[in-house]
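To start, the structure under review is shown below, and the notes come after it.
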Amino acid sequence: MIELEGLTKRYGEKVAVNNLTFAVRPGIVTGFLGPNGAGKSTTMRMILGLDHPSAGDVRIDGKHYDQLKDPLTYIGALLEAKAWHGGRSAYNHLLCLAQSNGISTSRVREVLETVGLTAVARKKTKGFSMGMGQRLGIAGALLGDPRILMFDEPVNGLDPEGIHWIRNLMKSLAAQGRTVFVSSHLMSEMALTAEHLVVIGQGRLLADTSMADFIERNSRSYVRIRTPQRERLLDVLHEAGVTAVDSGGGVLEVEGGKSERIGELAAQNQIVLHELSPQQASLEEAFMQLTAESVEYHAHSDTPREQPWGDSWNKGA
Amino acid sequence: MSTPQPPTQAAPAWQAVPGSPYPTYTSPIPVIRTHLGHALASEWTKIRSVRSTMWTLGVFVLLVIGIGLAAGALVANSSDDLGDETPLSLGFFGLLLGTMCIITLGVLTTASEYGTGMIRTTMTACPSRGRVMAAKAIVFFAVAFGVTLVASSFVAFVQVGMVTEARDPSGAEWLKGTVGVSLYIALLGLLSLVVGSIVRHSAGAITIMIGIVLAPLVIALFMFSPSLEDLRQALFEYSIPNQLSVFYSQSLTDTGPSGWDPLWIVLGVTAAAFVGAYALLERRDV
Numbered sequence: 001m002i003e004l005e006g007l008t009k010r011y012g013e014k015v016a017v018n019n020l021t022f023a024v025r026p027g028i029v030t031g032f033l034g035p036n037g038a039g040k041s042t043t044m045r046m047i048l049g050l051d052h053p054s055a056g057d058v059r060i061d062g063k064h065y066d067q068l069k070d071p072l073t074y075i076g077a078l079l080e081a082k083a084w085h086g087g088r089s090a091y092n093h094l095l096c097l098a099q100s101n102g103i104s105t106s107r108v109r110e111v112l113e114t115v116g117l118t119a120v121a122r123k124k125t126k127g128f129s130m131g132m133g134q135r136l137g138i139a140g141a142l143l144g145d146p147r148i149l150m151f152d153e154p155v156n157g158l159d160p161e162g163i164h165w166i167r168n169l170m171k172s173l174a175a176q177g178r179t180v181f182v183s184s185h186l187m188s189e190m191a192l193t194a195e196h197l198v199v200i201g202q203g204r205l206l207a208d209t210s211m212a213d214f215i216e217r218n219s220r221s222y223v224r225i226r227t228p229q230r231e232r233l234l235d236v237l238h239e240a241g242v243t244a245v246d247s248g249g250g251v252l253e254v255e256g257g258k259s260e261r262i263g264e265l266a267a268q269n270q271i272v273l274h275e276l277s278p279q280q281a282s283l284e285e286a287f288m289q290l291t292a293e294s295v296e297y298h299a300h301s302d303t304p305r306e307q308p309w310g311d312s313w314n315k316g317a
Numbered sequence: 318m319s320t321p322q323p324p325t326q327a328a329p330a331w332q333a334v335p336g337s338p339y340p341t342y343t344s345p346i347p348v349i350r351t352h353l354g355h356a357l358a359s360e361w362t363k364i365r366s367v368r369s370t371m372w373t374l375g376v377f378v379l380l381v382i383g384i385g386l387a388a389g390a391l392v393a394n395s396s397d398d399l400g401d402e403t404p405l406s407l408g409f410f411g412l413l414l415g416t417m418c419i420i421t422l423g424v425l426t427t428a429s430e431y432g433t434g435m436i437r438t439t440m441t442a443c444p445s446r447g448r449v450m451a452a453k454a455i456v457f458f459a460v461a462f463g464v465t466l467v468a469s470s471f472v473a474f475v476q477v478g479m480v481t482e483a484r485d486p487s488g489a490e491w492l493k494g495t496v497g498v499s500l501y502i503a504l505l506g507l508l509s510l511v512v513g514s515i516v517r518h519s520a521g522a523i524t525i526m527i528g529i530v531l532a533p534l535v536i537a538l539f540m541f542s543p544s545l546e547d548l549r550q551a552l553f554e555y556s557i558p559n560q561l562s563v564f565y566s567q568s569l570t571d572t573g574p575s576g577w578d579p580l581w582i583v584l585g586v587t588a589a590a591f592v593g594a595y596a597l598l599e600r601r602d603v
């Protein structure tokens, strides 16, 4: 259980994390979602006692991080990629971590086996690929077999097989009753792994909800219909009390998941349908809408603004 | 999923977790109260598992023994005698150059963790920042002192054996020329470690330390104005090369630090810097 209360971090004038209050509970994967620069990593660093909060408090099972006597057996964290000395071998890197927490060397071999790095355990880590680096970071997090796990963007740089592996790992860790807190800027990734969702933007809490609720609230489902007998179908639907909206291009849309009903109505009235497809607005869209105002670094790909030097310079082209 | 969620409330204390409303994972790994010993083992693994340690200490030993033996051989084959000096003083040149290696290793022990990002992993594994710093200091000091003592003692014995036309060193001189000078150099390395922790940048910290070692002497060399004579004298006397030579009872001047004074000076400076670095470490973000 991780509890944040009014957690705030200021760097001079800039507020990186603004009054965050939420709890991460055991037994499920909690997704920590936000666009780049939203303050996810800063929040995680404060949880680990690396950065001092400007205000507020964060506790792990009621304790501050620096009160934990054997932190690695309590909470394991994957922070940014490659937070280690590249000249040291993977085995020695994990060994020095294990020793600082009184963990046996046999456990080091165990986690190397778990993440699949046994073959390169004696190699210097500076030659590791991004994916191998993530695996070593995860090995470090698993070292103490902790009850709380925190992963900052764990799928970054992983190939599809690695991503699949991470998803299953996180789910199985949570199923064992552990607290799993994982950050990402990809909604689609979270939808596949997280049961609970905490969304932040520009350091502020935007949502703290279960994934099921979030999906239900934010994803609009509708049925897309194309038919050559448009007027006839509209009449039939109207009689049946179903509201259809013309969305242009000869396409009708009906809110909700009523495709069976519409198909049956069309069949009874011998109306030809060219298309009848249930649709779901993507979670990615919902997430982008939620964080739209708070995105710090917009890519200005929309309509080009008028240039101060006028736009006559490219008229000749 | 979909078990009804009990209202979130602050867990009273982590010991109470077994009775908490949530299913909690219990690790089969025994819980140990960690102490300084664990941090020492960890830092020992760190220092022995990077190649920079082998390089800096290897070059150090080569310089001390190589230059020491060369100086001994030159003096032994010349017809002049050393007068009032003992053969121990011939070890000075190698140690002065070797100091640069110890400084580099000291700085790298702390600053390289900031350069690589390892420091965040270290501080996550051991949230007691003071313990991390103490463990680093103890392990580094033991390594630096041990290596310097072995190298300087070996050179001293060989030189005394080679150079026969000189006064035999007394017991006190033996002690200063081996243990004393090794303590001094190890403390200088410890000061570098502390500076590395404050500056958090390897190249920057090494530059500062080399400046501290060489600048006063070099500046004093070019102070020709008579009105600066006192300052020039002080810079000479308290420059680190001159303090190092005090361990061989030879000095650029007759006043200034003598006997074991240089050791107390570097001890005081290092202790003060250590306290400052610790205060900064506690206050700053990692």
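One line per chain: the protein sequences are Z and F, in this order.
The first sequence runs contiguously to residue 317 in the numbering used here.
The second sequence runs contiguously to residue 603 in the numbering used here.
Even glycine gets a Cβ: it sits at the ideal position worked out from N, Cα and C.
It should be emphasised that the depicted structure is a prediction, and the values quoted were computed from it without experimental measurement.
Check whether E158(Z) and Q134(Z) have beta carbons under 7 Å apart: For clarity, residue 158(Z) is Leu in the given sequence; the question names Glu instead. Their beta carbons are under 7 Å apart, which means L158(Z) touches Q134(Z) by this criterion.
Chain F contacts from the stretch 48 to 60 of chain Z (Cβ-Cβ distance under 7 Å): L48, G49, L50, D51 and H52
K9(Z) - partner residues in DSSP beta bridges: V17(Z)
Per-residue contacts from I349(F) into chain Z (C-beta, under 9 Å): K69, D70, T73, N101, G102 and I103
Separation of I525(F) from V108(Z), as counted between CA atoms: 39 Å
Check whether T179(Z) and P26(Z) have beta carbons under 7 Å apart: yes
Beta-carbon contacts of L686(F) that lie in its chain and below 7 Å, excluding the five residues immediately before and after: Lying before the first or after the last residue shown, residue 686(F) is absent from chain F, which here runs from 318 to 603.
Local Cβ density within 10 Å of D604(F), reported as buried at 16 or more and exposed below that: A question about residue 604(F) goes unanswered here, because the residues of chain F that appear run from 318 up to 603.
Which of helix, strand or coil DSSP assigns to K40(Z): helix
Alpha helix (DSSP H) segments (min. 4 residues) lying fully within the stretch 508 to 567 of chain F: 519 to 538, 546 to 555 and 557 to 563
Below-7 Å beta-carbon distance, G177(Z) vs any chain F residue: yes
Alpha-carbon to alpha-carbon, V29(Z) and P160(Z): 20 Å
Short CB-CB distance (under 7 Å) between H196(Z) and chain F: no
Close Cβ partners of L7(Z) (< 8 Å) along its chain, the five nearest in sequence each way excluded: V17, N19, L20, T21, T43, M46, P53, A55, G56, D57 and V58
A589(F) versus D571(F), T416(F) and L507(F), residue with shortest Cα-Cα distance: L507(F)
Closer than 9 Å at the beta carbon, the chain Z residues around M440(F): L48, G49 and L50
Simplified DSSP state of D145(Z), which is helix, strand or coil: coil
Of the listed residues G250(Z), V242(Z) and N269(Z), nearest to K258(Z) (C-alpha basis): V242(Z)
Bounding residues of the beta strand (DSSP E) (the contiguous stretch that carries L252(Z)): V251 to E255
Which of helix, strand or coil DSSP assigns to R226(Z): strand
Neighbourhood of T426(F) by C-beta distance below 6 Å, restricted to the same chain and skipping five residues each side: K453, F457 and L510
Coarse secondary structure for K363(F), derived from DSSP in three states: helix
I47(Z) beta carbon near the ligand ADP (any heavy atom closer than 6 Å): Within the structure as shown, the ligand ADP is missing, as the structure has no ligands at all.
Residue from G389(F), R517(F), T370(F) and S469(F) whose Cα sits closest to the Cα of T433(F): R517(F)
C-alpha distance - V467(F) paired with R368(F), whole-angstrom precision: 21 Å
Closer than 7 Å to chain Z by CB, P444(F): yes
Top-ranked residue by Cα proximity to L149(Z), from T291(Z), G31(Z) and A207(Z): G31(Z)
Other residues of its chain near F410(F): CB distance less than 8 Å, five sequence neighbours each side excluded: I384, G385 and A388
N92(Z) at chain F interface by Cβ criterion, 7 Å: yes
Among Q67(Z), C96(Z), L192(Z) and V155(Z), the one whose alpha carbon lies nearest that of G131(Z): V155(Z)
Within the stretch 410 to 440 of chain F, ranges of the alpha helix (DSSP H) (whole runs, at least 4 residues): none
For I75(Z), the three-state DSSP class (helix, strand or coil): strand
Proximity below 7 Å, CB of C418(F) to CB of T373(F): yes
Contact residues within the stretch 127 to 160 of chain Z, judged by C-beta distance below 8 Å to chain F: G140, G144, D145, P146 and R147
G494(F) classed as buried or exposed, judged by whether at least 16 other C-beta atoms fall within 10 angstroms: buried
Residues, ordered as in the chain, of the stretch 221 to 236 of chain Z that lie near chain F by beta-carbon distance below 8 Å: none
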